[in-house]
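Trainee: For what it's worth, the UniProt record's numbering labels the leading residue of the sequence shown as 1, then goes sequentially.
Heads up, the beta-carbon is just placed ideally off N, CA and C, and yes, glycines get one too.
Note that this is a predicted model, so its numbers are computed, not measured.
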Amino acid sequence: VVDLVRECGARDRTYYCAGPNTMLAVRAADPDAEIALTWTTLSPPRRVLIDAVSPRWLNYRFGLVSRELTDALHRDGLLVSAWTADTKRSMRALLRAGVDAVTTNRLDALAAVRAELGR
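#1: If we count the other Cβ atoms within 10 Å of its Cβ and call it buried at 16 or more, is residue 31 buried or exposed?
#2: If you follow the beta strand (DSSP E) that residue 79 is part of, which residue opens it and which one closes it?
#3: For a test of the three-state rule: what should DSSP assign to residue 61, helix, strand or coil?
#4: What is the DSSP secondary structure of residue 38, counted as helix, strand or coil?
#5: Within this structure, are the beta carbons of residue 67 and residue 86 separated by less than 8 Å?
#6: How many Å lie between residue 15 and residue 55 at the Cα?
#7: Is the distance from the Cβ of residue 80 to the Cβ of residue 58 below 8 Å?
#8: Give the secondary structure of residue 53 by DSSP, where H, G and I count as helix, E and B as strand, and everything else as coil.
#9: Does the distance from the C-beta atom of residue 75 to that of residue 95 stay below 8 Å?
#10: On the three-state DSSP scale, how would you describe residue 99?
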């Protein structure tokens, strides 16, 4: 995939998102790739993994995200994304928790929540 992204001239418009093994392979293939490391537990990724993958983002299942988690990751210089929030209630909670991005199947609902919260 990394080679295809390069061949298409899309490197500056692409970021990769998957679990640790896949993102380690992407990092090996492209030391400058923008990576969103998907993480599925409340236990934080080990520092050795963060250092090896060097993600810009940590990508969490929406139910795992809290203000405390987001604040801690931001202090570590990471952006936070959450997937897949499809209810306005979960979208509100994520935005209030300070996430940087929300993955959703309901863009209209997310736009309405953003407007409601003045964002």
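Mentor: Judging by the given coordinates:
#1: The residue you call residue 31 lines up with position 31 of the sequence shown. Exposed, by the Cβ-count rule.
#2: Along the sequence shown, read from residue 1 onward, the residue named residue 79 stands at position 79. Residues 79-83.
#3: Here residue 61 refers to the residue found at position 61 of the sequence shown. Residue state, collapsed to three classes: strand.
#4: For this step, residue 38 is matched to residue 38 along the sequence shown. Strand at residue 38.
#5: Residue mapping note: residue 67 aligns to position 67 of the sequence shown, counting from 1. Residue mapping note: residue 86 aligns to position 86 of the sequence shown, counting from 1. Contact: no.
#6: On the sequence shown, position 15 is the one that residue 15 refers to. On the sequence shown, position 55 is the one that residue 55 refers to. The alpha-carbon atoms of residue 15 and residue 55 are separated by roughly 10 Å.
#7: Here residue 80 is taken as the residue at index 80 of the sequence shown, counted from 1. Here residue 58 is taken as the residue at index 58 of the sequence shown, counted from 1. Result yes, Cβ atoms of residue 80 and residue 58 sit closer than 8 Å.
#8: What you label residue 53 is simply residue 53 of the sequence shown in a count that begins at 1. DSSP places residue 53 within a helical segment (H, G or I) once states are collapsed to three.
#9: Here residue 75 is taken as the residue at index 75 of the sequence shown, counted from 1. Here residue 95 is taken as the residue at index 95 of the sequence shown, counted from 1. Against a cut-off of 8 Å, the Cβ pair of residue 95 and residue 75 comes out as no contact.
#10: Reading the sequence shown from its first residue, position 99 is the one you call residue 99. Here residue 99 sits in coil by DSSP.
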